[in-house]
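Protein chains in written order, with the working numbering: chain U, 1 to 202; chain W, 1001 to 1554.
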Amino acid sequence: MTLSRREFLTGVGAIGAVWLTGAVSCREKIAPDTHSHAADSSAVDAPSALVHFAPEDAADVEAIASRIFPTDETPGAREAGVVFFIDRSMTTFAAEQAGFFAEGLRDLNASVAESHPGVSRFAGLTNEQQDAMLRSIEDSEFFGAVRFATIAGMFALPKYGGNKDFIGWKLVGQESVLEYAAPFGWYDHPDNQRALLGRVLT
Amino acid sequence: MQTQPQSSRTFRTTDEVDFVVIGSGPAGASMARELTRKGFDVLVLEQGRAFAPAEMEHDELGAFITERWSNSSQSQPQTFRTNEQETAQRRQFVGYAKAVGGTSFHFTGNYWRFRPIDFNEFSVRGGVPGAALADWQISYEDLEPYYSAVEWAIGVSGEVSSVAGEPRHSRPYPLPPLNVTGPGVLLAKGCETLGWTHKAAPMAILSREYNGRQPCHNCGFCLGFPCEWGAKSGANYTMIPEALRSGRCELRTECTVFRIETNAAGRATGVLYFDGNKVQVRQRAKAVILCANGAESPRLLLLSANAQHPNGLANSSGMVGKHFMFNGAALTRAEFEHEVNGHRGPVVSRITHHPYELSESLGFVGGGGFDFRFDVPAMLMALSLPATEPQWGRAFKQRLRSWYNQSLLCYAHTTSLPVEGNSVSLDPELTDAWGLPALRTTFREHEHDLRMYAWFQQRGRELLDAAGAIRMHDDPINADPGFTVHLLGTCRMGNDAATSVVDKFHRAHDVPNLFIVDGSSFVTSGRGQPTLTIQALAFRAADHIAQFAKSNQI
């Protein structure tokens, strides 16, 4: 992943041009988002049905996503429904990536079968085996693409299919609210401003 | 939530309107507001559309990935190359908002004024080899009344600082500073440890109710997001509604202007555009004001080439599209011991202009300032954790949470030199969704600027260290900046028609009833945050253009 930091900081929009970057170098850009938007994103029900992936492919995608954001003391990609985000993206703004994902899953499962006799799908491996497998393809375009899509699905608004109940946001401490009151953190608390600066900035 | 007024006036395409303004961004909106106030009829053509408040979601995917309200890589593809010998490759290099209000629709709202040195650095400090440094034809004092007028017209929050170097303000800011944030306190701490001055950031965000608009609610989604409260003083919430309320202005959206037409006498007669259904429309006008931004304005002039103007309209000098500038930057991310929580409150609350003018012994012409700010929202942050951090798995999850809450970005904003070979031009092969030649950028940072950025990055590390940072990560400084906004310099202002595109009143040297008013007029880049200066220039231009119109000099 070699995204320029300035792209992120100032590059509203152009990031679309690097969707799944490090994944597919001279690829076409994603299509503009054409599906309908609900005005109130929080009111959208989380999807429970697949629209693109076959169930066994979805299980593999979910398994990979769940190693990127594993479930531990806090929820991960599985609870956030990231697979539904990726599934929908394959028919909307990332439709051009559908073939690449399918091919990547085929190759991954071929490796699984070769290295783990008796197992035919990535989802059938133990967590430890899955981690080892992913470490071996960490630098591949396919892993980069699934990682990008998983992160997008973890934090995109729930209306896009993932980030169920804002699980992704809660994970990092982002609330789904439209307002905050000061102090916002430790440093701007008046007591700590006094300790740091000898006064409170207004 | 804020609502937006509709056009109360409709012109016919056969009407010769007083002014057609191309673009509803900070410049075009300022022109529309000022010219309607002075009694003229104004038609504003905007390629984007208006967004309803309900659409202004905290939609990181839409804002940064699927181009929900920015220029489109699909319908408006671009190419890029680093020098004129290369064949440009497809790449989105230039970014702006495609919406009513232009890029002020989703800006951060940093509203720095320029200082006197930004207008006369060439005569004060001399030239730089390989750069076309020049003085402006106007001074800070010429622009000062218009800075104040813009600040009061839209609502800017801040505090006139008493520290040395602060330029004269004829009026205070209309609103007190916004809430100080964690990054702001840490900037103050770093500055005070090093003996640097710092001050409340002037921001085009309301700290109190103003002109019937609500104040900032500290939601944290500023950079790249429209404001659902209407607290950001972008053109969509300020100048455009004001112009529409005058009864003299029509705003026509989803209009892609592709040609400014001229007659045998060399005068502009109006424009040709594609409407939202890609139907070609001719609109007549007595005068044309081009405010399409520092990339699209020169592109439209080049697209308007005809037999009389074979190299593009207003381009007898060959300077249209040349001297493309942005603002330089040096970035360092840093982690702190406690919760910074920069994702709450305004992105920026304190700034320092301590290194605004640098000692000649450093060997640099130029300078800049710093802010500490929230870096980027969760999705972008997860995609861009420093390479030294885990990139997936349990440790990634934990470290991401720490970064999100305990990190900030130290951002140096600097000058960048005007270089003739850095340019906007028409791609000879690639076309856009309207069949028009695509925007091509040729750009490479000047070596002198790269050294200056490195110097700023080192000062930034010192500031962070003085503020107590426990971990730092420099973002690399490259001759290819990757992507840019702040589109400046491409229709340069000057007295000499052989070396510049517009005169000091923004009138094209070659076309008496064509005015070009936006970042393209800049002779030099300033130290960062150009929007207020773009609007002050527009207010000034409108004063003069109105006088010209009333005395039959257009």
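Backbone N, C-alpha and C fix where the C-beta goes; we use that ideal spot for every residue, glycine too.
Query, Result
"Pair within 9 angstroms by beta-carbon distance, W:R1049 and W:D1059", "no"
"Short CB-CB distance (under 9 angstroms) between U:D165 and chain W", "no"
"DSSP-derived helix/strand/coil call for W:Q1089", "strand"
"Cβ pair W:V1281, W:V1020 closer than 9 angstroms", "no"
"Touching by the beta-carbon criterion (3+ pairs, under 8 angstroms), the segment 1479 to 1493 of chain W and the segment 1316 to 1325 of chain W", "yes"
"Simplified DSSP state of W:G1025, which is helix, strand or coil", "coil"
"is_contact[W:P1377, chain A] using C-beta, thresh 9 angstroms", "This model lacks chain A altogether; the protein chains it does include are U and W."
"C-alpha gap between W:E1337 and U:Y187, whole angstroms", "10 angstroms"
"Span of the alpha helix (DSSP H) around W:L1439", "It is not in any alpha helix (DSSP H) - W:L1439 instead sits in the beta strand (DSSP E) that spans P1437 to T1442."
"Contact the segment 1344 to 1362 of chain W vs the segment 1107 to 1115 of chain W: 3+ CB pairs below 8 angstroms", "yes"
"Chain-ordered chain U contacts of W:D1059 [CB-CB under 7 angstroms]", "L157"
"CB contact below 9 angstroms: W:T1087 versus chain U", "no"
"First through last residue of the beta strand (DSSP E) which encompasses W:M1325", "W:M1325 -> no beta strand (DSSP E), and no H or E assigned at all."
"First through last residue of the alpha helix (DSSP H) which encompasses W:T1431", "Here W:T1431 belongs to no alpha helix (DSSP H); instead the beta strand (DSSP E) covers S1423 to T1431."
"U:A152 versus U:N163 - alpha carbon distance", "9 angstroms"
"Same chain, Cβ closer than 6 angstroms to W:E1357, five either side skipped, listed in chain order", "I1117 and G1367"
"W:Y1096 in three-state terms, based on DSSP", "coil"
"Sequence ranges, alpha helix (DSSP H) only - wholly within the segment 1060 to 1142 of chain W, length at least 4", "1060 to 1064 and 1116 to 1125"
"Contact list for the segment 168 to 192 of chain U against chain W, Cβ threshold 8 angstroms", "G168, W169, L171, V172, G173, Q174, S176, V177, L178, E179, Y180, A181, A182, F184, G185, W186, Y187, D188 and N192"
"Residue-level contact to chain U via CB, W:V1100, 9 angstroms cutoff", "no"
"CA-to-CA distance, W:G1328 to U:S42, given in whole angstroms", "Caution applies to U:S42, whose pLDDT of 47 falls short of 50 and renders its modelled position unreliable; the value that the coordinates give is listed next. Each residue's Cα considered, the two are about 39 angstroms apart."
"Contacts of W:V1156 in chain U (Cβ-Cβ under 7 angstroms)", "The contacting residues do not exist; W:V1156 stays about 17 angstroms from chain U at best."
"Test: U:F100 CB closer than 9 angstroms to a CB of chain W", "no"
"The segment 80 to 96 of chain U contacting the segment 126 to 138 of chain U, beta-carbon criterion three pairs below 8 angstroms", "no"
"Start and end residues, beta strand (DSSP E) containing W:V1288", "Q1280 to L1290"
"Residue from W:V1042, W:S1008, W:G1025 and W:A1027 whose Cα sits closest to the Cα of W:E1016", "W:V1042"
"Range of the contiguous beta strand (DSSP E) that encloses W:F1548", "W:F1548 -> not in any beta strand (DSSP E); alpha helix (DSSP H) instead, spanning T1531 to K1550."
"Rounded separation between W:G1312 and W:K1286 - CA only", "20 angstroms"
"Contact check, W:N1179 vs U:F184, beta carbons under 9 angstroms", "yes"
"Chain-ordered neighbours of W:H1217 on chain U, where CB pairs are closer than 7 angstroms", "L178 and E179"
"For U:G118 and W:F1107, the rounded distance between their alpha carbons", "56 angstroms"
"W:K1199 - partner residues in DSSP beta bridges", "W:I1351"
"U:D131 - DSSP class collapsed to helix/strand/coil", "helix"
"Distance CB(W:L1439)-CB(W:G1023) smaller than 9 angstroms", "no"
"For U:R147 and U:E73, the rounded distance between their alpha carbons", "21 angstroms"
"Where U:F53 falls: helix, strand or coil (DSSP)", "coil"
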